[in-house]
Amino acid sequence: MRTAGLRILPDLEAVSREAAKRFAVAAGRAARARGRFTVALCGGFTPLALYRLLAASPLREILPWDRTQVFFGDERCVPPEDPASNYGAVRALLLSRVPIPPGNIHRMRGEEDPARAAAAYEAELRAAFGLKAGGVPRFDLILLGLGEDGHTASLFPGSPALRETDRLVAAPFVERLSAYRLTLTLPVLNAAREVLVLVAGGEKAAVLREALEGPGGPEPLPIQQVKPREGSVTYLVDAAAAARLLRPARPSPSPA
Ligand code: 6PG
Numbered sequence: 056m057r058t059a060g061l062r063i064l065p066d067l068e069a070v071s072r073e074a075a076k077r078f079a080v081a082a083g084r085a086a087r088a089r090g091r092f093t094v095a096l097c098g099g100f101t102p103l104a105l106y107r108l109l110a111a112s113p114l115r116e117i118l119p120w121d122r123t124q125v126f127f128g129d130e131r132c133v134p135p136e137d138p139a140s141n142y143g144a145v146r147a148l149l150l151s152r153v154p155i156p157p158g159n160i161h162r163m164r165g166e167e168d169p170a171r172a173a174a175a176y177e178a179e180l181r182a183a184f185g186l187k188a189g190g191v192p193r194f195d196l197i198l199l200g201l202g203e204d205g206h207t208a209s210l211f212p213g214s215p216a217l218r219e220t221d222r223l224v225a226a227p228f229v230e231r232l233s234a235y236r237l238t239l240t241l242p243v244l245n246a247a248r249e250v251l252v253l254v255a256g257g258e259k260a261a262v263l264r265e266a267l268e269g270p271g272g273p274e275p276l277p278i279q280q281v282k283p284r285e286g287s288v289t290y291l292v293d294a295a296a297a298a299r300l301l302r303p304a305r306p307s308p309s310p311a
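Counting in my numbering, the sequence shown runs from 56 upward without gaps.
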């Protein structure tokens, strides 16, 4: 994998616009090359403005929703109606507002027993990607966030799920949350064509510096283990999150 790319933008709005632009480029490229666009969305607060942009003109009209397959990088173990549900937030802000066929939406069933939900999602991935046993889905795009402890998706520091090499989906119990989560595993994240990591806010400055400039050993942060073998990782960060980087790229003006 090439080293991670870094774009520093003035604020979250500019990060969201840049992410929307890259989302659209990836979607168009995949639809032309392979007849469909496969994307895994992330949860949390950071991507919400991006989801609003994707659901608004002009992207609502431009994107190939009929050929877009939407998956999720992780999910909380709650029903879709729960305010904590990643799917619930994406449905409200994006999926209910664009002409995507319902069959193209693949949510993790957070309301079910975690282990069963993980197995079911793995089966859904295998079917959707036409995978044989041992195959790994190659997403055109995976969106990720970054937690203050360096977690991404629901891969938390010290989690056994980080050592998963066979399963595509895990259901780790997250001690610090006292809750189960559902998450794609590193083999899936590292098979992606493109990964965008969205980071914003001064509270992420320390972890972003560790992620991009830290030694990465002996126990690398989960985000540091996202290194697609044949793909790219690009961090789209705002100036506040980049404030403690020692080797920042030039802050880039947001596109007009
Ligand atoms: C989740 C996310 C998680 C998130 C980070 C950052 O389900 O919460 O997948 O990995 O991306 O915790 O969250 P914020 O964007 O809210 O800071």
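Every residue, glycine too, gets a C-beta built ideally from N, C-alpha and C. Owing to the predicted nature of the structure, the values given are computational and were not obtained by experimental measurement.
Taking residue i as the reference, which of the options has the closest Cα?
{"i": "L150", "options": "R91, R62 and Y106", "result": "Y106"}
{"i": "P283", "options": "A69, G190, F194 and A266", "result": "F194"}
{"i": "P154", "options": "L276, G185 and S112", "result": "S112"}
{"i": "V250", "options": "A81, L300 and A69", "result": "A81"}
{"i": "S209", "options": "R162, L148, R264 and I278", "result": "I278"}
{"i": "L180", "options": "R162, E167, S214 and P169", "result": "R162"}
{"i": "Y176", "options": "A225, A139 and F78", "result": "A225"}
{"i": "L186", "options": "P227, G158 and V243", "result": "V243"}
{"i": "N245", "options": "G257, L223, P227 and D137", "result": "L223"}
{"i": "R89", "options": "F184, V229 and I197", "result": "F184"}
{"i": "A266", "options": "S214, R236, D204 and T220", "result": "D204"}
{"i": "A182", "options": "L103, L96 and Q124", "result": "Q124"}
{"i": "Y235", "options": "P157, P135, A172 and A95", "result": "A172"}
{"i": "P227", "options": "S214, D221 and F78", "result": "S214"}
{"i": "Y142", "options": "G272, L237, G257 and L276", "result": "L237"}
{"i": "L196", "options": "G60, A59, T58 and F78", "result": "F78"}
{"i": "P135", "options": "L118, A110, E167 and V229", "result": "E167"}
{"i": "A85", "options": "L118, I63 and V70", "result": "L118"}
{"i": "A298", "options": "P270, P273 and K259", "result": "K259"}
{"i": "D2", "options": "G202, A188, P138 and G272", "result": "Because the chain spans 56 through 311 in this model, residue 2 falls outside it and cannot be assessed."}
{"i": "V229", "options": "A178, E274, P169 and G272", "result": "P169"}
{"i": "P156", "options": "E274, W120 and D137", "result": "W120"}
If you measure between the beta carbons of residue i and residue j, is that distance less than 8 Å?
{"i": "V281", "j": "V292", "result": "no"}
{"i": "P65", "j": "A216", "result": "no"}
{"i": "G128", "j": "L239", "result": "yes"}
{"i": "G200", "j": "L241", "result": "no"}
{"i": "R131", "j": "G165", "result": "yes"}
{"i": "R72", "j": "L108", "result": "yes"}
{"i": "A261", "j": "L67", "result": "no"}
{"i": "R248", "j": "G190", "result": "no"}
{"i": "R218", "j": "E268", "result": "no"}
{"i": "T101", "j": "F126", "result": "no"}
{"i": "L232", "j": "L263", "result": "no"}
{"i": "L96", "j": "V145", "result": "yes"}
{"i": "L276", "j": "P192", "result": "no"}
{"i": "A75", "j": "Y290", "result": "no"}
{"i": "R152", "j": "A110", "result": "yes"}
{"i": "G257", "j": "A296", "result": "yes"}
Could you spell out the range, first to last residue, of the alpha helix (DSSP H) harbouring residue i?
{"i": "G83", "result": "L67 to R89"}
{"i": "V292", "result": "Counting along the chain, V292 falls outside any alpha helix (DSSP H), though it belongs to the beta strand (DSSP E) covering S287 to D293."}
{"i": "G60", "result": "Where G60 is concerned, there is no enclosing alpha helix (DSSP H), although the beta strand (DSSP E) it sits in stretches over G60 to L64."}
{"i": "I197", "result": "Taken as a continuous stretch (DSSP letters only), I197 belongs to no alpha helix (DSSP H), being part of the beta strand (DSSP E) at L196 to L199."}
{"i": "G143", "result": "N141 to L148"}
{"i": "G118", "result": "The residue you asked about is not Gly; residue 118 is Leu in the sequence shown. It is not in any alpha helix (DSSP H) - L118 carries neither H nor E in the DSSP assignment."}
{"i": "R107", "result": "L103 to L109"}
{"i": "V262", "result": "A260 to E268"}
{"i": "E166", "result": "It is not in any alpha helix (DSSP H) - E166 carries neither H nor E in the DSSP assignment."}
With respect to the beta strand (DSSP E) encompassing residue i, which residues constitute its N-terminal and C-terminal limits?
{"i": "E249", "result": "E249 to V254"}
{"i": "F92", "result": "F92 to L96"}
Name the DSSP bridge partner or partners of residue i?
{"i": "E130", "result": "L237"}
{"i": "F228", "result": "Y235"}
{"i": "T207", "result": "L210"}
{"i": "I160", "result": "V125"}
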